[in-house]
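Numbered per my numbering, the sequence shown spans residues 636 to 703. Here a beta-carbon is modelled for each residue, glycine too, at the ideal position from N, C-alpha and C.
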Amino acid sequence: MTGMGKLFMIIGAILLVVGILMQFTKLGRLPGDIIIKKENATIYFPIVTSIVASIVLSLIFYLVGKWK
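Structure representation (structure tokens):
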């Protein structure tokens, strides 16, 4: 397997874990996320969740880059 294939498998595994966590925890509904509920529609802006995910992914990629 090539280096790019391993990277895609790692990214897929990380996305799978994050998806499971968001499904069964409050990870996707942090304070600061904007939810607008109208009669027939709900609009959701996960601002704080996106910032937290960005910080976590940045740390992971930093550590992986340092580890190589």
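If you look at residue 677, you'll find it in the beta strand (DSSP E) that goes 677-680. Residue range 669-672 is occupied by the beta strand (DSSP E) that includes residue 672, with no alpha helix (DSSP H) assigned at that position. One thing to note: residue 666 has its Cβ no nearer than 8 Å to the Cβ of residue 691.
The beta carbons of residue 660 and residue 670 sit no closer together than 8 Å. Closest option to residue 695, judged by alpha-carbon separation, among 650, 640, 681, 657: 650.
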